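Colleague: Sequential numbering of the sequence shown, starting at 486, is according to the numbering used here.
One structure follows; several queries about it will come next.
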Amino acid sequence: MKLFDLTGRLALVTGSSKGIGLALARGLAEAGAAVVINGRDAAMVEAACAGLRAEGRTAHARPFDVTDADAVRAAVDAIETGIGPIDILVNNAGIQHRAPLEDFPLDAWERLKATNIDSVFFVGQAVARRMIPRRRGKIINIASVQSELARTGIAPYTATKGAVKMLTKGMATDWARHGLQVNAIGPGYFDTELNRALVNDPAFSAWLEKRTPAGRWGKMHELVGAAVFLASDASSFVNGHVLYVDGGITACL
Ligand code: NDP
486 MKLFDLTGRL ALVTGSSKGI GLALARGLAE AGAAVVINGR DAAMVEAACA GLRAEGRTAH
546 ARPFDVTDAD AVRAAVDAIE TGIGPIDILV NNAGIQHRAP LEDFPLDAWE RLKATNIDSV
606 FFVGQAVARR MIPRRRGKII NIASVQSELA RTGIAPYTAT KGAVKMLTKG MATDWARHGL
666 QVNAIGPGYF DTELNRALVN DPAFSAWLEK RTPAGRWGKM HELVGAAVFL ASDASSFVNG
726 HVLYVDGGIT ACL
């Protein structure tokens, strides 16, 4: 369908050397976009690009640290001048740290805030400054079910994901008038490196399967439809929305 076609578009997906970011980059590429793959580990970024190219997709490697505002600005400038205008930004890079809140280490608190929320502002602002004069652009922030709901041991992560939801609404409010659409995807529970401890815990899996109306973990390709929708002309009047892809977990107690 033409409405969902991303042919000729360029998408920057942060934190796309593995996990959800790589699945989203692959999905956007399958819908026709050229993709820029990012992460801090240059070898992993290259390997992800090589995999996509072997599948016949167009992928560019751009390793940089999304928590470094200067590095972000330099990378966005280099992409715009060296590859082309960024049509789609997916702010996906994120980390987790699990610890009782009363013992939560300060450095982990700072790292979580820097990676999960500062980065959305840094990369979002750098890319929006390019998109605004063009009067078009799509920004998709990766929120979480933790944008709505807390769970024991991850209060700081929950705070950052709540902030991602509200920054999405703020970005949409400021930038919709310039022709941009800013929205978020709120994934439920997916089997990635970030969730390795949970995936390996049979008690957690049993709890999750009971707690989720769909009765199971999410599969990463199940996030792609939401990303293609929010990246494409199909969502031209959708602004500041959080699309939960969570098997219904945020819909029920
Ligand atoms: P992974 O740990 O599998 O992948 C994280 C990616 O982000 C890697 O490519 C990593 O590469 C990159 N990254 C981390 N820090 C930085 C940084 N400072 N600069 C640039 N890249 C960075 O995580 P997931 O795929 O599970 O998570 C992706 C997003 O989805 C996160 O925002 C997460 O909060 C969110 N999410 C995940 C859920 C899940 O079930 N897995 C559920 C809800 C939300 P490198 O380390 O080399 O930099």
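We put the beta carbon where it would ideally sit given N, CA and C, even for glycine.
If you're wondering where the values come from, they're calculated on a predicted model, not measured in any experiment.
Figure out for me which residue from Leu-537, Ala-516, Ala-546 and Arg-511 has the closest Cα to the Cα of Asp-526.
Modeller: Ala-546
Colleague: What number of angstroms, rounded off, separates the C-alpha of Ile-564 from the C-alpha of Leu-497?
Modeller: 9 Å
Colleague: Along the chain, where does the beta strand (DSSP E) that runs through Tyr-729 open and close?
Modeller: 727–730
Colleague: Please return the same chain residues whose Cβ sits closer than 8 Å to the Cβ of Leu-591, not counting the five positions on each side in sequence.
Modeller: none
Colleague: Which full runs of the alpha helix (DSSP H) of 4+ residues lie inside the stretch 639–669, going along the chain?
Modeller: 640–660
Colleague: Which residues in the same chain as Gly-647 place their Cβ atom closer than 7 Å to its Cβ, once the five residues preceding and following it in sequence are excluded?
Modeller: Ser-632
Colleague: Which same chain residues, not among the five before or five after Asp-731, have their C-beta less than 6 Å away from its C-beta?
Modeller: Val-630 and Gly-673
Colleague: Give the C-beta separation of Ala-528 and Leu-537 to the nearest angstrom, bearing in mind that I take them to be a contact with Cβ-Cβ under 8 Å.
Modeller: Leu-537 and Ala-528 do not touch by the CB rule: their CB atoms are close to 15 Å apart, not below 8 Å.
Colleague: How many whole angstroms separate the CB atoms of Asn-668 and Asn-724, which I take to be in contact at a CB cut-off of 8 Å?
Modeller: 7 Å
Colleague: Who does Pro-672 pair with in a DSSP beta bridge?
Modeller: Answer by DSSP bridge pairing, in chain order: Val-730.
Colleague: Report the three-state DSSP secondary structure of Leu-634 (helix, strand or coil).
Modeller: The DSSP-derived three-state label of Leu-634 is coil.
Colleague: Since Lys-503 is in the alpha helix (DSSP H), which residue starts that stretch and which ends it?
Modeller: From DSSP, Lys-503 is part of no alpha helix (DSSP H); its letter is neither H nor E.
Colleague: From Ser-717, Tyr-729 and Leu-728, pick the residue whose C-alpha is nearest to that of Thr-492; which is it?
Modeller: Ser-717
Colleague: For Gly-609, which three-state DSSP category applies?
Modeller: helix
Colleague: In the DSSP assignment, find the unbroken beta strand (DSSP E) run with Ile-602 in it and report its ends.
Modeller: Where Ile-602 is concerned, there is no enclosing beta strand (DSSP E), given that its DSSP letter is neither H nor E.
Colleague: Report the rounded CA-to-CA distance for Ser-690 versus Thr-735, giving the unit in angstroms.
Modeller: 17 Å
Colleague: Identify every run of the beta strand (DSSP E) within the stretch 566–604, keeping only runs that are complete inside it and at least 3 residues long; order them along the chain.
Modeller: Within the stretch 566–604, complete beta strand (DSSP E) segments of at least 3 residues are found at 573–576, given in chain order.
Colleague: Using the Cα positions of Gly-622 and Phe-722, report the straight-line distance between them to the nearest angstrom.
Modeller: 12 Å
Colleague: Would you kindly check if the distance between the Cβ of Leu-652 and the Cβ of Asn-680 is under 9 Å?
Modeller: no
Colleague: May I ask you to report which of helix, strand or coil DSSP gives Asn-626?
Modeller: strand
Colleague: Classify Ala-496 as helix, strand or coil using the three-state DSSP reduction.
Modeller: strand
Colleague: Tell me, which residues are paired with Ala-546 by DSSP?
Modeller: Ile-522
Colleague: Measuring only the C-alpha atoms, how far is Asp-572 from Leu-683?
Modeller: 35 Å
Colleague: Does Gly-512 come out as helix, strand or coil in the three-state DSSP assignment?
Modeller: helix
Colleague: Going by DSSP, what residue range makes up the alpha helix (DSSP H) through Met-529?
Modeller: Membership of Met-529 in the alpha helix (DSSP H) is indicated by the continuous run 527–539.
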